[in-house]
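2 protein chains.
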Amino acid sequence: MWVEAVPNFSEGTDPSFLQRLVERAQRSGVFVMGVEGDPDHNRSVLSLAGLGHLVVEALVSLAELAVTEIDLRRSRGIHPRMGAVDVIPIVPLGPSPMAYAVELTHQLGMRLAQELSLPVFLYEHSARLPKRKNLADVRRGGFEGLATRMAIDPPDYGPSAPHPSAGAVAVGARWALVAFNCYLSTQDLSVARAIARQVRASNGGLVGVKALGLYPKQQGAVQVSMNLVDYPKTTLAQAVEAVATEAARLNVEVIRSELVGLLPLQALLDVAEHFLRLPHLGIEQVVELNLNRAAVQSVEVGHP
Amino acid sequence: MWVEAVPNFSEGTDPSFLQRLVERAQRSGVFVMGVEGDPDHNRSVLSLAGLGHLVVEALVSLAELAVTEIDLRRSRGIHPRMGAVDVIPIVPLGPSPMAYAVELTHQLGMRLAQELSLPVFLYEHSARLPKRKNLADVRRGGFEGLATRMAIDPPDYGPSAPHPSAGAVAVGARWALVAFNCYLSTQDLSVARAIARQVRASNGGLVGVKALGLYPKQQGAVQVSMNLVDYPKTTLAQAVEAVATEAARLNVEVIRSELVGLLPLQALLDVAEHFLRLPHLGIEQVVELNLNRAAVQSVEVGHP
Chain C
392 MWVEAVPNFS
402 EGTDPSFLQR
412 LVERAQRSGV
422 FVMGVEGDPD
432 HNRSVLSLAG
442 LGHLVVEALV
452 SLAELAVTEI
462 DLRRSRGIHP
472 RMGAVDVIPI
482 VPLGPSPMAY
492 AVELTHQLGM
502 RLAQELSLPV
512 FLYEHSARLP
522 KRKNLADVRR
532 GGFEGLATRM
542 AIDPPDYGPS
552 APHPSAGAVA
562 VGARWALVAF
572 NCYLSTQDLS
582 VARAIARQVR
592 ASNGGLVGVK
602 ALGLYPKQQG
612 AVQVSMNLVD
622 YPKTTLAQAV
632 EAVATEAARL
642 NVEVIRSELV
652 GLLPLQALLD
662 VAEHFLRLPH
672 LGIEQVVELN
682 LNRAAVQSVE
692 VGHP
Chain R
392 MWVEAVPNFS
402 EGTDPSFLQR
412 LVERAQRSGV
422 FVMGVEGDPD
432 HNRSVLSLAG
442 LGHLVVEALV
452 SLAELAVTEI
462 DLRRSRGIHP
472 RMGAVDVIPI
482 VPLGPSPMAY
492 AVELTHQLGM
502 RLAQELSLPV
512 FLYEHSARLP
522 KRKNLADVRR
532 GGFEGLATRM
542 AIDPPDYGPS
552 APHPSAGAVA
562 VGARWALVAF
572 NCYLSTQDLS
582 VARAIARQVR
592 ASNGGLVGVK
602 ALGLYPKQQG
612 AVQVSMNLVD
622 YPKTTLAQAV
632 EAVATEAARL
642 NVEVIRSELV
652 GLLPLQALLD
662 VAEHFLRLPH
672 LGIEQVVELN
682 LNRAAVQSVE
692 VGHP
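Chains as they are written, first to last, in the working numbering: chain C, 392 to 695; chain R, 392 to 695.
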């Protein structure tokens with residue numbers, strides 16, 4: 392049974408580090424679907440897919456590299472983080488049930504604790520405590536606040552104090568999400584923050600939308616950075632239109648966008664349905680997908 | 392080597408006729424990717440794919456059924472037509488070159504002439520005369536004008552007079568096109584025609600766009616019916632935006648759209664790039680496509 396894993400590492404400035412991650416993943420026999428290093432966020436994200444036990448093997452090997460090479464006492468970035476290997480989500484593909492992804496996060500958590508002495512917090516579908524459902528809550532306070540927090544709130548696996556240089560890691564089974572950034576025609580961070588507040592679910596905006604206003608200086612423009620955690624409900628098209636509408640109200644516009652990680656095929660089809668005003672667009676209506684229906688469906692990104 | 396074929400039949404009111412077409416195609420060992428019967432246009436379109444020689448075999452068998460069952464002396468529709476099996480385009484897939492699709496159209500033309508006594512006009516890349524490049528020119532005058540025309544303009548294969556009940560057939564190798572209809576919030580055909588005139592290439596509009604204003608009465612709304620014959624240059628997104636802009640100028644809007652036949656994967660990716668303002672979206676960025684890259688590319692819809 393197949394899963395996707397999207398490990399996040401708190402190092403995005405050294406291309407050779409990324410290269411070593413990719414080599415390790417490939418040696419473990421998993422597919423490296425994507426690699427993104429972001430110097431502004433000082434963060435790297437790999438998208439892996441493969442048979443569950445091979446993915447766990449690869450993730451242990453990648454985490455070992457991160458723990459060896461990254462020292463959070465000396466590095467920073469604009470993205471909140473609590474560990475050298477910061478977050479490891481595992482997502483069901485094809486017929487794999489969520490329970491299988493959860494089982495893999497437990498296997499992975501135990502190994503990261505035993506083999507690398509990392510404190511492991513289980514989140515989302517893997518969470519054993521309600522307060523650990525939400526990743527943002529698990530990561531609150533970041534690396535700097537970790538020792539204080541862990542003194543009263545021990546992890547699910549591993550030592551009850553942070554790893555001195557590598558912090559702690561959040562591991563969780565979840566459904567796929569769409570991570571998408573819209574850049575605006577301004578350098579005014581307050582504008583991006585105002586739009587993020589309007590569109591995100593936590594302020595009464597769109598269901599399943601998490602949003603932050605950020606300013607990655609090397610891009611020369613602020614961004615509304617979004618996670619669509621229920622993209623079948625609030626689609627990528629709806630989220631981007633909402634950002635564009637709020638932007639217009641503030642006299643700026645969306646000048647370009649970027650996808651972080653990969654898109655589930657359904658999210659792509661939803662975009663075309665929405666903007667083309669098609670009542671339905673299915674894989675049977677796209678030549679290459681029609682002819683590879685069985686193969687495409689066998690690794691279909693899972694959803695509730 | 393694989394090709395797609397999109398035979399058009401001048402009968403769209405009898406679902407059992409469609410069913411018999413599908414059964415014959417499947418018996419010939421080709422994939423039936425899509426089937427569309429349109430009572431308004433009195434027209435059916437099949438989308439087939441498979442190895443070239445099997446596709447030719449299937450097309451001969453389908454044409455035989457159409458010649459047996461359709462009598463153009465007794466049927467009409469809003470779509471111009473000159474034959475019971477009216478047009479048969481063949482499109483290269485994967486690494487198949489255009490020359491291979493052209494070769495297949497000659498094989499097919501000879502067999503339709505010999506086995507079914509159909510006059511065959513070769514068009515587009517298969518045309519042997521410059522005046523037959525453009526399908527609209529080949530079909531001008533329709534079934535009713537065929538006898539007069541053929542008296543001075545004999546076909547490429549077959550008898551020099553129309554088949555009494557089945558007319559003649561246009562067979563041509565071409566690159567894929569996107570056939571797309573936008574329905575408008577009006578029943579006024581002159582509005583659809585005015586928009587079609589604005590967007591189509593022949594009136595100085597968008598490159599590679601053919602457009603007609605039509606009123607399929609059962610739909611309760613007029614449509615701008617488009618063929619995008621160079622969809623990598625003028626993308627589906629651009630064409631739909633142009634229609635929407637012209638519509639707004641005439642105080643109507645695009646209420647829904649429909650795809651006729653299938654979409655090449657690249658056209659789908661282009662739509663998302665355009666509307667999401669992504670500088671690039673490739674198959675490697677979509678989970679299911681990334682994991683099936685080789686399979687998807689092996690049947691990739693050809694383009695110049």
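Beta carbons are placed, not taken as given, at the ideal position from N, Cα and C, and that holds for glycine.
Computed from a predicted model, the values in this text were never measured in an experiment.
Should residue i go down as buried or exposed, given a rule of 16 or more other Cβ atoms within 10 Å for buried?
i: Gln-629(C); result: buried
i: Asn-594(R); result: exposed
i: Thr-625(R); result: buried
i: Ala-449(C); result: buried
i: Arg-472(C); result: buried
i: Glu-649(R); result: buried
i: Gln-589(C); result: buried
i: Arg-591(R); result: buried
Measuring alpha carbon to alpha carbon, tell me which residue in the options is nearest residue i.
i: Ala-587(R); options: Val-692(R), Ala-454(R), Leu-641(R); result: Leu-641(R)
i: Ala-583(C); options: Ala-538(C), Ile-646(C), His-554(C); result: Ile-646(C)
i: Leu-654(C); options: Asp-477(C), Ser-401(C), Val-569(C), Glu-515(C); result: Val-569(C)
i: Ala-658(C); options: Arg-530(C), Ala-475(C), Asn-618(C), Ala-635(C); result: Asn-618(C)
i: Ser-616(C); options: Val-447(C), Val-598(C), Ser-576(C), Phe-571(C); result: Phe-571(C)
i: Val-482(R); options: Val-562(R), Gly-428(R), Glu-632(R), Glu-644(R); result: Val-562(R)
i: Glu-675(R); options: Leu-682(C), Leu-656(C), Ala-685(C); result: Leu-656(C)
i: Thr-539(C); options: Asp-547(C), Ala-552(C), Glu-506(C); result: Ala-552(C)
i: Lys-601(R); options: Met-501(R), Gln-688(R), Tyr-622(R), Gly-693(R); result: Tyr-622(R)
i: Gly-533(C); options: Val-560(C), Ser-508(C), His-516(C), Gly-652(C); result: Val-560(C)
i: Gln-688(C); options: Arg-465(R), Leu-442(R), Leu-680(R), Glu-691(R); result: Leu-680(R)
i: Met-541(R); options: Pro-607(R), Ala-557(R), Gly-420(R), Pro-510(R); result: Pro-510(R)
i: Glu-535(R); options: Asn-433(R), Gly-474(R), Phe-400(R), Val-421(R); result: Gly-474(R)
i: Val-476(R); options: Pro-695(R), Ser-508(R), Ala-518(R); result: Ser-508(R)
i: Arg-415(R); options: Glu-402(R), Leu-445(R), Gly-428(R); result: Leu-445(R)
i: Gly-428(R); options: Gly-558(R), Val-397(R), Leu-660(R); result: Val-397(R)
i: Pro-545(R); options: Arg-519(R), Val-394(R), Ser-556(R), Trp-566(R); result: Arg-519(R)
i: Leu-442(R); options: Trp-393(R), Ile-461(R), Met-489(R); result: Trp-393(R)
i: Glu-632(C); options: Gly-693(C), His-665(C), Lys-608(C); result: His-665(C)
i: Pro-695(C); options: Val-421(C), Leu-484(C), Pro-550(C); result: Leu-484(C)
i: Leu-537(C); options: Gly-558(C), Thr-459(C), Pro-521(C); result: Gly-558(C)
i: Pro-480(R); options: Leu-660(R), Leu-667(R), Glu-691(R), Glu-395(R); result: Glu-395(R)
Within the same chain, show all residues whose beta-carbon is closer than 8 Å to that of residue i, passing over the 5 residues directly before and after it, in chain order.
i: Gln-610(R); result: Asp-431, Tyr-574
i: Val-413(R); result: Val-423, Val-426, Leu-437
i: Glu-699(R); result: Outside the displayed range of chain R (392 to 695) lies residue 699(R), so it cannot be described from this structure.
i: Val-613(C); result: Tyr-574, Leu-575, Thr-577, Gln-578, Asp-579, Leu-580, Val-582, Ala-583, Gly-604, Leu-605, Tyr-606
i: Gly-652(R); result: Val-397, Gly-425, Glu-427, Val-436, Ser-438, Ala-570
i: Leu-453(R); result: Pro-398, Phe-400, Leu-412, Arg-415, Ala-416, Leu-437, Val-476
Chain R partners of residue i, CB-CB under 9 Å?
i: Val-687(C); result: Glu-679, Leu-680, Leu-682, Asn-683, Ala-686, Val-687
i: Pro-623(C); result: Chain R residues near Pro-623(C): none, gap ~14 Å exceeds 9 Å.
i: Ala-440(C); result: Val-678, Asn-681, Leu-682
So residue i contacts chain C; which residues on that side make the cut at Cβ distance below 8 Å?
i: Val-662(R); result: Val-662, Ala-663, Phe-666, Leu-667
i: Gly-425(R); result: Glu-675, Gln-676, Asn-681
i: Ala-633(R); result: Per Cβ cutoff of 8 Å: no residues; Ala-633(R) is ~13 Å from chain C at best.
i: Ala-564(R); result: Simply none; closest approach about 16 Å.
Strictly below 8 Å CB to CB, what residues from chain R border residue i?
i: Arg-647(C); result: Arg-668, Leu-669, Pro-670
i: Leu-526(C); result: None at all; the shortest Cβ gap to chain R is about 20 Å.
i: Leu-627(C); result: Leu-667
Could you work out which residues of chain R lie near residue i, taking near to mean beta carbons separated by less than 7 Å?
i: Glu-691(C); result: Glu-679
i: Leu-659(C); result: Leu-659, Ala-663, Val-677
Using a Cβ-Cβ cutoff of less than 7 Å, which residues in the same chain neighbour residue i once the five nearest sequence positions on both sides are dropped?
i: Arg-523(R); result: Phe-512, Leu-513, Tyr-514, Val-529
Quick one: residues in its chain with C-beta nearer than 6 Å to the C-beta of residue i, no 5 flanking neighbours on either side, listed in chain order?
i: Val-447(C); result: Leu-495, Gln-498, Leu-499
i: Met-501(C); result: Tyr-548
i: Val-662(R); result: Leu-627, Ala-628
i: Val-377(C); result: For residue 377(C) there is no data in the structure shown, the boundaries of chain C being 392 and 695.
i: Phe-400(R); result: Ser-435, Ala-457, Val-476
i: Ser-517(R); result: Val-493, Thr-496, Gly-563, Ala-564
i: Val-451(C); result: Arg-502
In chain C, which residues lie with their C-beta within 9 Å of the C-beta of residue i?
i: Phe-422(R); result: Asn-681, Leu-682
i: Ala-612(R); result: Those do not exist, as Ala-612(R) stays about 12 Å from chain C at its closest Cβ, beyond 9 Å.
i: Pro-655(R); result: Val-677, Val-678, Glu-679
i: Leu-453(R); result: What Leu-453(R) touches in chain C: nothing, since even the nearest Cβ is about 19 Å away.
i: Leu-650(R); result: Leu-667, Leu-669, Leu-672, Gln-676
Listing by chain order, which chain C residues have their CB less than 7 Å from the CB of residue i?
i: Glu-395(R); result: Val-678
Quiz prompt | 3 or more residues per run - each beta strand (DSSP E) lying fully within the segment 548 to 586 of chain C | solution = 560 to 564, 569 to 575
Practice problem: Starting from the N-terminal side, write out each stretch of the beta strand (DSSP E) that is 3 residues or longer and does not extend beyond the segment 481 to 518 of chain R. | Solution: Whole beta strand (DSSP E) segments, 3+ residues: 511 to 515.
Quiz item: In the segment 405 to 469 of chain C, which residue ranges form an unbroken alpha helix (DSSP H) of at least 4 residues, counting only runs that do not cross its ends?
Solution: 406 to 418, 443 to 460
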